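Residue numbers (the UniProt record's numbering), protein chains in the order written: chain A, 1 to 196; chain B, 1 to 196. The block underneath contains the structure these notes are about, expressed in structure tokens.
Protein chains: 2
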Amino acid sequence: MKNSTAVKENDTQIDIIGVAERLFQEVGFQKTTVADIARELRMSPANVYRFFSAKAEINAAVCRRIFGEIEAAAEKIARSSGPASKTLRSLIASIEDLNARRFLSDRKLHELFETAHNENWSITHEHYEKMDQILAQIIRQGMAAGEFKAGDAELAAILVRSACIRYCHPRLMVECAQDPEPTTDQMIDFCLAALA
Amino acid sequence: MKNSTAVKENDTQIDIIGVAERLFQEVGFQKTTVADIARELRMSPANVYRFFSAKAEINAAVCRRIFGEIEAAAEKIARSSGPASKTLRSLIASIEDLNARRFLSDRKLHELFETAHNENWSITHEHYEKMDQILAQIIRQGMAAGEFKAGDAELAAILVRSACIRYCHPRLMVECAQDPEPTTDQMIDFCLAALA
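Pasting the structure below:
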């Protein structure tokens, strides 16, 4: 009995995040209230507050869900076989693609990520730490295979992510939208040359 | 006679920019009005408007003056003799230092640069184009000397600037202020390895 209650509670939490994400896409996260989310789910605002003590927690949870999607895609690519340089290229290109797609098609949702970065939400740091670990894992494999020169894989991961920040930072994506160069491929070539 | 009038007009323009910059440092550019600037210079707002048709033009002129300072420092370093890798390291470190100093000591003035980037003012693009030219000149010399591998120096300059954006972009400087790594030196090593 206790377990089924826990499952139900978890489902409700997921539903709240799902509805919040849809409303953030439609009207923007700043204009969406807890009352709006509750209304869509035919529950009371008080019930929403049982799961999230403040609207800010819902904002972070939606952000977290999408970061989780990016991390899952990155982990899947990191597990693929083949040369580390190919895996690294495919990982960076795929993150850029996921970010660019959200930026182009969900401008309202993109604002949530801009605010998360502007206000230094802790989940953005956790996300970048996770991405660094995934990058380091690929670089470590490349170093072990003699494809990259031996060295500090964790540091190399941070350097690659910093060099590529223009393609995944929500604010820079807006600012650089009209700049044709450097393309992702050019920047990946540059990073691979630095690692080789 | 005409020349001395032109010199005087130019002096007044420089005075307006100088006073504006000081007020931007003291109270912030958003809180500084044209009337405040005129009062400090003991002139009428109408006289200020003879030189700048709107407050936005004064904002851009202050930004432009400081960008000019960075460009002059970069050009001086670019003219120095010695290996291109040494010149490049010293150039990037010096830009980072100029930006960091403003960021740390003039937080109010720093807001002007954040806004210039946020709102995509054309002077920021002109500044980055100028910096790219200076970087390309050093890289071209390194390529000619066989220090860097031959290739497209203009593209290499854009890649180096993009990779180092964390150290000169006003928004990223705020966001990354607590991140110890990568240091400027680590990033320069990474870029030099990519060019070598």
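The beta-carbon is built from N, C-alpha and C at its ideal position, and this holds for glycine as well. Computed from a predicted model, the values in this text were never measured in an experiment.
Residues from the segment 179-195 of chain B in contact with chain A, defined by Cβ distance under 9 Å: Asp179, Glu181, Pro182, Gln186, Met187, Asp189, Phe190, Cys191, Leu192, Ala193, Ala194 and Leu195
Contacts that His117 (chain B) makes with chain A (C-beta to C-beta distance below 7 Å): As a working note, residue 117 (chain B) is residue 117 in the second sequence. Using a Cβ-Cβ cut-off of 7 Å, His117 (chain B) is close to Glu175 of chain A, given in chain order.
The segment 175-183 of chain A touching the segment 6-25 of chain B, judged by at least three CB pairs closer than 8 Å: no
Segment contact, 8 Å Cβ cut-off, at least three pairs: the segment 158-169 of chain B with the segment 144-164 of chain A: yes
is_contact[Asn120 (chain A), chain B] using C-beta, thresh 8 Å: As a working note, residue 120 (chain A) is residue 120 in the first sequence. It does: the Cβ of Asn120 (chain A) has a partner Cβ on chain B nearer than 8 Å.
Sequence-distant residues of its chain with Cβ nearer than 8 Å to Ser80 (chain A) (five each side left out): Within the first sequence, numbered from 1, the residue matching residue 80 (chain A) stands at position 80. Only Thr87 and Ser90 meet the Cβ criterion.
Assigned secondary structure, Met43 (chain A) (DSSP; H/G/I helix, E/B strand, else coil): Locating residue 43 (chain A) in the first sequence gives position 43, counting from the first residue. Residue state, collapsed to three classes: coil.
Residue-level contact to chain A via CB, Ala163 (chain B), 8 Å cutoff: For the purposes of this step, residue 163 (chain B) is taken as residue 163 along the second sequence, with counting starting at 1. Yes, Ala163 (chain B) counts as interfacial toward chain A.
Touch test, the segment 52-65 of chain A against the segment 128-139 of chain A, Cβ-Cβ under 8 Å, three pairs minimum: no
Under 8 Å between C-beta atoms of Thr184 (chain B) and Ala74 (chain B): Counted from its first residue, the second sequence places residue 184 (chain B) at position 184. Counted from its first residue, the second sequence places residue 74 (chain B) at position 74. Cβ distance not < 8 Å, so Thr184 (chain B) and Ala74 (chain B) don't count as in contact.
Candidates B:Gln186, B:Ala61, B:Ala78 and B:Ser85: closest to Leu112 (chain B) by CA position: Here the question's residue 112 (chain B) lines up with position 112 in the second sequence. Ranking B:Gln186, B:Ala61, B:Ala78 and B:Ser85 by Cα distance to Leu112 (chain B) puts B:Ala61 first.
Val128 (chain B), enclosing alpha helix (DSSP H) - first and last residue: Against the second sequence, residue 128 (chain B) aligns to sequence position 128. One point to set straight first is that residue 128 (chain B) is Tyr, not Val, in the sequence displayed. Segment Ser122 to Ala144, the alpha helix (DSSP H) holding Tyr128 (chain B).
Contact list for the UniProt domain "HTH tetR-type" (10-70) of chain A against chain B, Cβ threshold 8 Å: none
Near-chain A residues of the segment 134-163 of chain B - C-beta to any C-beta below 7 Å: Among the residues of the segment 134-163 of chain B, those with a Cβ less than 7 Å away from any Cβ of chain A are Leu155, Ile158, Leu159, Ser162 and Ala163, in the order of the chain.
Validate contact between the segment 180-195 of chain B and the segment 105-120 of chain B using beta carbons, cut 8 Å, 3 pairs: no
Amino acids of chain A, ordered along the chain, whose beta-carbon sits closer than 7 Å to that of Arg166 (chain B): Within the second sequence, residue 166 (chain B) is the residue found at index 166, counting from 1. Ordered by position in chain A, the residues that pass the 7 Å Cβ test against Arg166 (chain B) are Ser162 and Ile165.
Backbone CA spacing between Ile70 (chain B) and Leu98 (chain B) [nearest angstrom]: Translated into the one-based positions of the second sequence, residue 70 (chain B) becomes position 70. Translated into the one-based positions of the second sequence, residue 98 (chain B) becomes position 98. Their backbone Cα atoms lie some 7 Å apart in a straight line.
With 16 other Cβ atoms within 10 Å as the buried cut-off, status of Thr124 (chain B): Within the second sequence, numbered from 1, the residue matching residue 124 (chain B) stands at position 124. The residue is buried, with at least 16 neighbouring Cβ atoms inside 10 Å.
Under 7 Å by beta carbon: chain B residues contacting Arg171 (chain A): The count along the first sequence starts at 1 and reaches residue 171 (chain A) at position 171. Going along chain B in sequence order, the residues near Arg171 (chain A) (Cβ under 7 Å) are Arg171.
Sub-8 Å separation of Val48 (chain A) and Ala38 (chain A) beta-carbons: On the first sequence, position 48 is the one that residue 48 (chain A) refers to. On the first sequence, position 38 is the one that residue 38 (chain A) refers to. Result yes, Cβ atoms of Val48 (chain A) and Ala38 (chain A) sit closer than 8 Å.
Thr79 (chain B) in three-state terms, based on DSSP: Counted from its first residue, the second sequence places residue 79 (chain B) at position 79. At residue 79 (chain B) the sequence reads Arg, which differs from the Thr that was named. Here Arg79 (chain B) sits in coil by DSSP.
8 Å contact criterion, which Ala54 (chain B) and Ile139 (chain B) should meet: CB distance rounded: The sequence position of residue 54 (chain B) within the second sequence is 54, counting from 1. The sequence position of residue 139 (chain B) within the second sequence is 139, counting from 1. Incorrect: roughly 39 Å between the Cβ atoms, too far for contact.
Same chain, Cβ closer than 6 Å to Glu40 (chain A), neighbours up to 5 away in sequence not counted: The residue you call residue 40 (chain A) lines up with position 40 of the first sequence. If we look at Glu40 (chain A) and ignore the five residues flanking it on each side, its Cβ neighbours are Val19.
For Cys191 (chain A), three-class secondary structure by DSSP: Taking the first sequence and counting its residues from 1, one reaches residue 191 (chain A) at position 191. Cys191 (chain A): helix per DSSP, three-state reduction.
Limits of the alpha helix (DSSP H) - the one that His169 (chain B) falls within: Here residue 169 (chain B) refers to the residue found at position 169 of the second sequence. Annotation for His169 (chain B): no alpha helix (DSSP H) segment contains it, and DSSP assigns it neither H nor E.
Residue environment, Gln25 (chain A), which counts as buried when at least 16 other CB atoms sit within 10 Å: Taking the first residue of the first sequence as position 1, residue 25 (chain A) is located at position 25. Looking at its Cβ environment, which holds 16 or more other Cβ atoms inside 10 Å, Gln25 (chain A) is buried.
Straight-line Cα distance separating His127 (chain A) from His117 (chain A): The residue you call residue 117 (chain A) lines up with position 117 of the first sequence. The residue you call residue 127 (chain A) lines up with position 127 of the first sequence. Their Cα atoms are separated by approximately 11 Å.
First through last residue of the alpha helix (DSSP H) which encompasses Lys86 (chain B): Numbered from its first residue, the second sequence carries residue 86 (chain B) at position 86. Lys86 (chain B) -> alpha helix (DSSP H) spans Ala84 to Ser105.
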